[in-house]
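Residue numbers (UniProt numbering): 1 to 313.
Each residue gets a CB set at the ideal place from its N, CA and C atoms; glycine is no exception.
Here the structure comes first, spelled out in structure tokens, and everything after it is commentary.
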Ligand SMILES: NC(=O)c1ccc[n+]([C@@H]2O[C@H](COP(=O)([O-])OP(=O)(O)OC[C@H]3O[C@@H](n4cnc5c(N)ncnc54)[C@H](OP(=O)(O)O)[C@@H]3O)[C@@H](O)[C@H]2O)c1
């Protein structure tokens, strides 16, 4: 059982997180505010942003929204996607993030990606310092391989520091995390907070209907979700959803949350209308049989130790 993350007022951070990567980008200030309000009404408390997002607009807008309810919010941001994981860069980016958010501290700070050129001990020493200064409560890593997390966890333990959270990609069409990352989180008491449960929108089924969106607008996402089996998976998910009388997005989000490691997926959208089916996942009871049926819609990744002929599943 992993430790439960809490808001400053002591409430559990909840079952789902809302990600503000679209704030100030595809979602203007009004649409962003509407999504924030819908999340609060639905009981969400954990909000995720990053130094990187929308030239700082995401942090600035989120900072304004949480001003009146800060104690009830678990506020997470990320540094170090660009410029490396050295203390000087992290210091400069975190200072900017805190200014944009109008906060002395955040609850959870992530290193946004692994930096092979910086000694992890220097990076984690900087995180330990932020904790001592009461500028962060939880330490997170994102986009790390399992061996990199374990290496970080060892280095952190020498500083009396814990890696609290890992933010990997995870959805029905991106299942690599099942092999090592999610079992590792369970074993090391790290809370998995996966992103892109809808595969960037693919699993809403809209591309099969000829609609446009991030996958037709953004080359990086087109490449990330470019394989034909992924589109087949989305089509088949839509068929199951129609049979069950539920939106495919609700099923995709509920599926990503139902892994035995107890992940807390990060939801997102560009409008309140888009967000609605994802929020409905909080009240959708996915049966074990339906979970398995959905899991069979995409290839299960190979096990970490390559003795495929001996796996019983
Ligand atoms: N750590 C990292 O490196 C990292 C990377 C990515 C994301 N994240 C975090 O995770 C959060 C979620 O990631 P994500 O945005 O990739 O999640 P996602 O749930 O996979 O994709 C969300 C996108 O799907 C589309 N969509 C959602 N609901 C829809 C609906 N009902 N109908 C049609 N389209 C719909 C929208 O895109 P369009 O309308 O544009 O198609 C929306 O922006 C981000 O906000 C961010 O906080 C972290």
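Out of 159, 165, 252, 21, state which residue places its alpha-carbon closest to the alpha-carbon of residue 187. Comparing Cα-Cα distances from residue 187 to each of 159, 165, 252, 21, the minimum goes to 165.
Rounded separation between residue 251 and residue 133 - CA only: C-alpha separation (whole angstroms): 42 Å.
For residue 12: DSSP bridge partner residues: Paired residue(s): 6.
The stretch 1-13 contacting the stretch 27-38, beta-carbon criterion three pairs below 8 Å: Cβ pair count under 8 Å is below three, so no.
I'd like the ranges of any alpha helix (DSSP H) spanning at least 4 consecutive residues and lying wholly in the stretch 180-238. Complete alpha helix (DSSP H) runs here, min 4: 181-188, 214-217, 219-224.
Quick check on residue 21: does DSSP put it in helix, strand or coil? Here residue 21 sits in coil by DSSP.
Return the CA-CA distance between residue 183 and residue 126, expressed in angstroms with no decimal places. Approximately 27 Å between the Cα atoms of the pair.
Starting from residue 166, trace the alpha helix (DSSP H) both ways and give me its first and last residue. Residue 166 -> not in any alpha helix (DSSP H); beta strand (DSSP E) instead, spanning 165-167.
Status (buried if at least 16 other CB within 10 Å, exposed otherwise) for residue 267: Classification for residue 267: buried.
Quick one: residues in its chain with C-beta nearer than 7 Å to the C-beta of residue 128, no 5 flanking neighbours on either side, listed in chain order? Cβ within range, chain order: 159, 161.
Span of the alpha helix (DSSP H) around residue 91: From DSSP, the alpha helix (DSSP H) with residue 91 extends over 87-101.
Counted within 10 angstroms of its Cβ, other Cβ atoms place residue 255 as buried (16 or more) or exposed: With a 10 Å radius around the Cβ and a threshold of 16 neighbouring Cβ atoms, residue 255 comes out buried.
Considering only DSSP beta bridges, list what residue 110 is partnered with. Paired residue(s): 78, 140.
Could you tell me whether any Cβ in chain C is nearer than 7 Å to the Cβ of residue 118? Of the protein chains in the structure, only one exists, and it is not chain C.
Could you tell me how far apart the beta carbons of residue 215 and residue 297 are, in whole angstroms, since I believe they sit closer than 8 Å? The beta carbons of residue 215 and residue 297 sit about 18 Å from each other, so the pair does not count as a contact at 8 Å.
Paired residues, beta bridge with residue 174 - DSSP: According to DSSP, which records beta bridges pairwise, residue 174 is partnered with 171.
List the DSSP bridge partners of residue 46. DSSP, once it has assigned bridges, lists 17, 74 as partnering residue 46.
Residue 291: first and last residue of the uninterrupted alpha helix (DSSP H) it sits in: 288-295 is the extent of the alpha helix (DSSP H) around residue 291.
Enumerate in chain order the residues of its own chain whose CB-to-CB distance from residue 71 is below 6 Å, with the five nearest sequence positions on each side excluded. For residue 71, same chain residues with a beta-carbon under 6 Å away, outside a window of 5 residues either side, are 8, 9 in chain order.
Residue 189 to residue 263, Cα distance in whole Å? One C-alpha to the other measures close to 12 Å.
Local conformation of residue 258 per DSSP, three classes: Here residue 258 sits in coil by DSSP.
Whole-Å CB distance - residue 23 paired with residue 61, under 8 Å assumed: Correct: roughly 5 Å between the Cβ atoms.
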